[in-house]
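What follows is a single structure, written as structure tokens, with notes after it.
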Amino acid sequence: MTQLANTLLHLRSTYPTLRPAERRVAQQILENPSEVVHLSITELATRSEVSDATVVKFCKRLGYKGFQEFKILLAQDVAVQPEPIYGEVEPDNDIHTIKEKIFQANVTALQDTAKVLDAQVLKSAVEAMARAREIHFYGLGASGIVALDAEQKFSRIGLRASAFVDAHMQITRAVLLKPQDVAIGISYSGETLEIVEALEAAREAGAITIAITNFSSSTVAQQADFVLLTSSQENIFRSGAISSRIAQLSTIDTLFIAVALVDYNRSQESIEKTREILSQRNLDRLKA
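Take the sequence shown: its position 4, counting from 1, is numbered 4 in our numbering, and each next residue is one higher.
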């Protein structure tokens with residue numbers, strides 16, 4: 001399925017870039033998708049407190065020909081997507097409920113990311129990474145943990161991969177990249193200033209830039225040659241970036257396996273070498 005066919009996921013990813021009036025339309029759709037498919041353009045406009053023309057502009061801004069096309073694709077989307085079983089975590093939830101809601105949020109994030117993560121963009125990113133002289137991963141906070149995980153994985157298959165989770169190191173190393181290098185910026189919001197600056201510096205140095213973000217029109221995405229979209233929803237009780245981190249890690253895992261398979265023999269040989277040295281180290285410790 002294309003991104004436009006996944007109407008609700010597409011709407012969430014572009015929501016931050018919408019104008020105030022358009023956001024009112026989006027809010028009505030996100031809160032009541034199964035009802036909106038039965039509304040006329042005037043009824044939706046009235047509920048959203050906007051004009052009919054604003055609804056039309058809203059649909060076209062998202063890439064649809066008009067309200068009718070949007071509504072047809074929304075109806076298909078609603079028909080195949082069951083209502084969420086679990087809601088948001090509440091202050092009075094017991095441990096069983098918290099467990100169920102968190103796991104369901106993570107499952108949903110993975111399913112939704114699998115829908116919006118474009119296979120052709122992934123393929124292009126993999127090709128760039130496989131031939132890169134050097135690969136940088138930039139992330140801060142929870143996204144920094146994802147960057148460190150990526151460094152560990154790609155280094156194990158013999159690639160020159162480095163994670164930078166300090167803003168000064170990110171930008172100072174980014175300016176030293178070369179044309180065939182790759183810089184990957186990881187940011188859920190896509191508005192982390194430090195990641196934007198690092199990708200901009202890498203791009204100006206001639207490197208290929210890749211963004212892993214939840215929002216397709218974000219500032220980080222605008223600095224990227226390739227945008228790998230994730231789809232997760234965070235609220236105040238998941239401010240630790242729980243489901244978004246899971247989506248990012250799975251995206252990194254996909255890149256890792258695909259890049260490793262480009263030169264399977266080299267990757268396997270590198271993994272065996274690293275495994276052997278670690279095993280020998282453990283044996284030496286036991287003997288000591």
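All C-beta atoms, glycine included, are put in the ideal place defined by N, C-alpha and C. This structure is a prediction, so every number in the text was calculated from the model and none was measured.
Do you know offhand how far residue i's Cα is from residue j's?
i, j, result
"residue 192", "residue 220", "8 Å"
"residue 22", "residue 74", "17 Å"
"residue 32", "residue 280", "59 Å"
"residue 293", "residue 55", "Lying outside 1 to 288, the shown extent of the chain, residue 293 is not represented and no answer is given."
"residue 132", "residue 6", "33 Å"
"residue 330", "residue 156", "It is not possible to answer for residue 330, since the shown part of the chain is limited to 1 through 288."
"residue 29", "residue 109", "20 Å"
"residue 262", "residue 46", "54 Å"
"residue 314", "residue 34", "The chain is shown only over 1 to 288; residue 314 falls outside these bounds and no answer can be derived."
"residue 254", "residue 64", "30 Å"
"residue 149", "residue 37", "42 Å"
"residue 265", "residue 274", "14 Å"
"residue 42", "residue 27", "16 Å"
"residue 166", "residue 97", "37 Å"
"residue 282", "residue 70", "59 Å"
"residue 100", "residue 207", "43 Å"
"residue 141", "residue 269", "33 Å"
"residue 111", "residue 95", "24 Å"
"residue 72", "residue 91", "38 Å"
"residue 230", "residue 276", "35 Å"
"residue 50", "residue 267", "56 Å"
"residue 232", "residue 107", "10 Å"
"residue 79", "residue 44", "20 Å"
"residue 40", "residue 162", "53 Å"
"residue 93", "residue 285", "46 Å"
Can you find the residues in the same chain that come closer than 7 Å, C-beta to C-beta, to residue i, ignoring five residues on each side of it along the sequence?
i, result
"residue 173", "136 and 164"
"residue 311", "No statement about residue 311 is possible, as the shown extent of the chain runs from 1 to 288 and does not include it."
"residue 83", "Here residue 83 scores only 49 on pLDDT, less than 50, and its place in the model should not be relied on; the value that follows carries that caveat. Around residue 83: no qualifying Cβ."
"residue 146", "139, 186, 245, 248, 249 and 252"
"residue 226", "121, 124, 125 and 210"
"residue 271", "156 and 157"
"residue 159", "135"
"residue 180", "131, 132 and 133"
In chain order, what residues of the same chain lie with their CB nearer than 8 Å to the CB of residue i, ignoring the 5 residues before and after it?
i, result
"residue 199", "138, 174, 183, 185, 209, 211, 220, 223 and 224"
"residue 239", "Note on residue 239: pLDDT 44, under 50, position unreliable in the model; the coordinate value appears next. Cβ within range, chain order: n/a, list empty."
"residue 256", "150, 153, 154 and 157"
"residue 204", "175"
With a CB to CB cut of under 6 Å and the five nearest residues on each side skipped, what residues in its chain are close to residue i?
i, result
"residue 215", "13, 16 and 190"
"residue 202", "174, 177, 183 and 209"
"residue 77", "7 and 8"
"residue 105", "243"
"residue 58", "22 and 25"
"residue 217", "14 and 17"
"residue 48", "24, 25 and 28"
Please determine, among the options, the residue with the shortest C-alpha to C-alpha distance to residue i.
i, options, result
"residue 119", "228, 63 and 46", "228"
"residue 213", "278, 143 and 257", "143"
"residue 102", "111, 88 and 114", "88"
"residue 113", "130, 194 and 188", "188"
"residue 19", "107, 39 and 61", "61"
"residue 115", "91, 8, 36 and 273", "8"
"residue 127", "259, 10 and 134", "259"
"residue 129", "268, 154 and 230", "154"
"residue 168", "195, 57 and 24", "195"
"residue 67", "111, 25 and 205", "25"
Alpha helix (DSSP H) runs wholly inside the stretch 63-104, at least 4 long, in chain order: 67-80
Every unbroken alpha helix (DSSP H) inside the stretch 165-214 [4 residues or more]: 167-174 and 193-204
Length at least 3, wholly inside the stretch 14-52: the beta strand (DSSP E) runs in chain order: none
Ordered list of beta strand (DSSP E) runs contained in the stretch 97-155, each at least 3 residues: 135-138
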